[in-house]
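Report on the following structure.
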Amino acid sequence: DTEVTQTPKHLVMGMTNKKSLKCEQHMGHRAMYWYKQKAKKPPELMFVYSYEKLSINESVPSRFSPECPNSSLLNLHLHALQPEDSALYLCASSQVGNTEAFFGQGTRLTVV
Amino acid sequence: DQQVKQNSPSLSVQEGRISILNCDYTNSMFDYFLWYKKYPAEGPTFLISISSIKDKNEDGRFTVFLNKSAKHLSLHIVPSQPGDSAVYFCAASEDNAGNMLTFGGGTRLMVKP
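Now the structure itself:
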């Protein structure tokens, strides 16, 4: 199994909603990542988890709250988002000590 | 300040010919470089990588060349196939420790039959 699975594929939420994005991998990878990609822009790193601990937070606003409940799962909790947060949110995983990350299909988020 | 740049937003190549995608970087601390391919509505797919201790890495039709002194790398695809049509991202990392990837802006490759 070389897949990173993200759910949902599409999400529309209001600015007062609370929602969560989910990511799952069963490759035994102990590093997991959240990236954000705006249209016609490259992916930008948001968070890195290493051995289920948050190791990098790229100055992301607190309305985005990551969680790594176990070595296979990564969540991104969303609350009080703004329309400019609309983007493709990509999850990735890799072996710790290896930069070759495997990406999921992404969740297309629209904030209305 | 973009640390990884792909100056060609798009490239069109005839099937069977060579595709050359270019990438420049400014951070001299980068020592590991990767190319990703992305189809619409999909996540990026890892293609090939190169460590700064090498100047060339080859995998089938794909070859990546690294010129450290010029802070430049390129991806060669030979022969190009219509299925290669996608957006190609160059990415760089300061160490091969599973840390952050910095992506270039991407080049859209179109391979015409």
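Here the protein sequences come in this chain order: A and B. Numbering-wise (the working numbering), the first sequence opens with residue 5 and increments by one. Numbering-wise (the working numbering), the second sequence opens with residue 25 and increments by one. We put the CB at the ideal spot given by N, CA and C, even for glycine.
Terminal residues of the continuous beta strand (DSSP E) containing Tyr-55/A? No beta strand (DSSP E) contains Tyr-55/A, which DSSP labels as neither H nor E.
Any beta carbon of chain A sitting closer than 8 Å to that of Gly-40/B? no
Spatial neighbours of Val-64/A in its chain, beta-carbon cut-off 6 Å, leaving aside the 5 residues before and after: Met-50
Does the beta carbon of Glu-104/A sit closer than 8 Å to a beta carbon anywhere in chain B? yes
Assign Glu-7/A to one of three DSSP states: helix, strand, or coil. coil
Quick one: what's Gln-38/B bridged to in DSSP? Lys-136/B
Roughly how many angstroms separate the alpha carbons of Thr-126/B and Cys-27/A, rounded to a whole number? 21 Å
Residues of chain B with a CB under 7 Å from the CB of Gly-110/A: which are they? Gly-67
Report yes if the CB atom of Gln-99/A is closer than 8 Å to the CB atom of His-33/A, and no otherwise. yes
Asp-55/B beta carbon less than 8 Å from that of Ser-76/B: yes
Taking 8 Å as the cut-off, does the region 96-114 of chain A touch the region 90-105 of chain B (at least 3 CB pairs, one atom from each stretch)? no
Among Cys-95/A, Glu-62/A and Leu-25/A, the one whose alpha carbon lies nearest that of Lys-7/A: Looking at the sequence provided, one finds Glu at residue 7/A rather than Lys. Minimum Cα distance to Glu-7/A is reached at Cys-95/A.
Whole-angstrom distance between Ser-76/A and Thr-131/B, CA atom to CA atom: When rounded, the distance between both Cα atoms is 32 Å.
Measuring straight from C-alpha to C-alpha, what distance separates Leu-78/A and Glu-71/A? If I take the Cα positions, the gap works out to 6 Å.
Which chain A residues are close to Gly-128/B, counting only those with a beta carbon under 8 Å from its beta carbon? Neighbourhood of Gly-128/B in chain A, by CB distance below 8 Å: Pro-46, in chain order.
Using the Cα positions of Thr-114/A and Asp-25/B, report the straight-line distance between them to the nearest angstrom. 27 Å
Closer than 8 Å to chain B by CB, Phe-68/A: So no, Phe-68/A is outside the interface.
Quick one: Cα of Trp-38/A to Cα of Tyr-93/A, how far? When rounded, the separation of the alpha-carbon atoms in Trp-38/A and Tyr-93/A is 7 Å.
Compute the Euclidean distance between the alpha carbons of His-83/A and Lys-45/A, then round it to the nearest angstrom. Spanning the two alpha carbons is a distance of roughly 24 Å.
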